[in-house]
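In the numbering used here, the protein residues as written are 110 to 257. Idealized CB from N, CA, C, for every residue including glycine. Since this is a predicted model, take the numbers as computed values, not measurements.
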Amino acid sequence: MSNREIAPYEANEVGTRGILLFVLGVFLLAVISFGLMWVFQHKVLEERALEEDKKNANPLALSAEDSLPAEPRLQSAPGFGVESKDGTRINLQLREPQAEYRELRKQWEKSWKEGEKDTKTKTVISLPIEEAKERVLKGNLIETRAEK
């Protein structure tokens with residue numbers, strides 16, 4: 110044998126300092142890259158996109174002030190509207206397509222909440238549900254099982 114003795118195991122010579130510096134370097138590289146990409150996206154790319162949108166705008170698109178088409182404005186159904194229960198006419202000529210439904214819905218909800226009277230005879234045609242329940246219970250109009 111030689112002057113050196115053989116060690117029964119190999120010594121661990123991994124430097125933890127080197128590993129920690131490597132991990133710290135990778136972390137700093139990721140943080141700096143993230144910051145630069147965020148600035149690039151929010152400053153440069155968004156400004157370019159806005160400029161491109163302005164440059165490539167559709168010349169036929171309506172602007173905010175051009176809500177109506179140019180003159181002459183022709184109507185396919187002139188006089189379009191809804192007649193309310195009291196006889197007044199609600200003009201819906203230049204309104205959105207859902208305007209008729211919304212107006213009728215208001216009238217129905219008013220009828221459900223307040224009830225309705227006939228315009229000629231002034232008799233009650235319909236009652237609100239709560240009032241109708243009270244009248245039925247006060248007048249004993251419903252037979253109960255106990256009464257049979």
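- In this structure, the straight-line span from the alpha carbon of V135 to that of K152 is close to 26 Å.
- Secondary structure of V123 (DSSP, three-state): coil.
- Restricted to the segment 203–255, the beta strand (DSSP E) segments that are unbroken, complete and at least 3 residues in length are 233–235, listed in chain order.
- Of V191, E223, N165, R211, the smallest CA-CA separation from L236 is found for E223.
- Straight-line measurement puts the Cα of L138 at about 10 Å from the Cα of G144.
- The closest CA to that of W221, considering only V191, M146, V233, is found on V233.
- Under DSSP, the beta-bridge partners assigned to I199 are V191.
- Beta-carbon to beta-carbon, E218 and I199 are separated by about 15 Å, too far to satisfy the 8 Å threshold.
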